[in-house]
Amino acid sequence: MKEEEKISFINQHLHWSLSLFSSFKWLCLSGVSYVMMALEGHPVTLTCKYSGSVQLLFWYQQESSSSAQLLMAEYSEETERFSFRHNKTRKEFHLQISSAAVSDSAVYYCALQPTVTGNSKTLYKNLWNENINYVTEDCY
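The numbering of the sequence shown is full-length UniProt numbering, which starts it at 1 and goes up by one.
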């Protein structure tokens, strides 16, 4: 059987994230974990929901063994592979990756000023086989 590389995204509740960005107030919204699968080279959308009003929205990326780095803010220019969408009516914002790559493996934090969600997205490389059954859910 032919094996294909797959990328899985895991949304995890983070209690330890308080120490990462001291300039923000923190709000953990959900303790639920979700798994979403995507083929390498396919588009991926990471979603964060919020309540109340916000001034600024951000996405951070933390690669293994390094600190979190600002990936994109709401008013950042889009790059070739990353873009930001904000749906104010539904109070959610999205990080869109046009072509997922194994090199995108990282923890993704969605952040709001003055508050931050407890949601993150972790990107992993897995070898996939047709005989393996995966449980997948939308990351909402």
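Glycine is no exception: its CB is placed at the ideal position from the N, C-alpha and C atoms.
{"Check": "What does the Cβ neighbour count give for Y75, buried or exposed, with the cut at 16 atoms within 10 Å?", "Outcome": "exposed"}
{"Check": "Please specify which runs of the beta strand (DSSP E), each continuous and at least 3 residues long, are wholly inside the UniProt domain \"Ig-like\" (40-124), giving them in chain order.", "Outcome": "44-49, 56-62, 69-73, 82-87, 92-97 and 107-113"}
{"Check": "So, using beta-carbon positions, are A100 and H42 closer together than 8 Å?", "Outcome": "yes"}
{"Check": "Pairs of beta-carbons, one from the stretch 44-51 and one from the stretch 61-68, closer than 8 Å: are there three or more?", "Outcome": "no"}
{"Check": "Can you list, in chain order, the residues of its chain whose CB lies under 6 Å from that of T45, leaving out five sequence neighbours each side?", "Outcome": "H94 and Q96"}
{"Check": "Are Q113 and L70 close, meaning C-beta to C-beta below 8 Å?", "Outcome": "no"}
{"Check": "Less than 8 Å between C-beta atoms, sequence neighbours within five positions excluded: which residues of the same chain meet that for E80?", "Outcome": "S98"}
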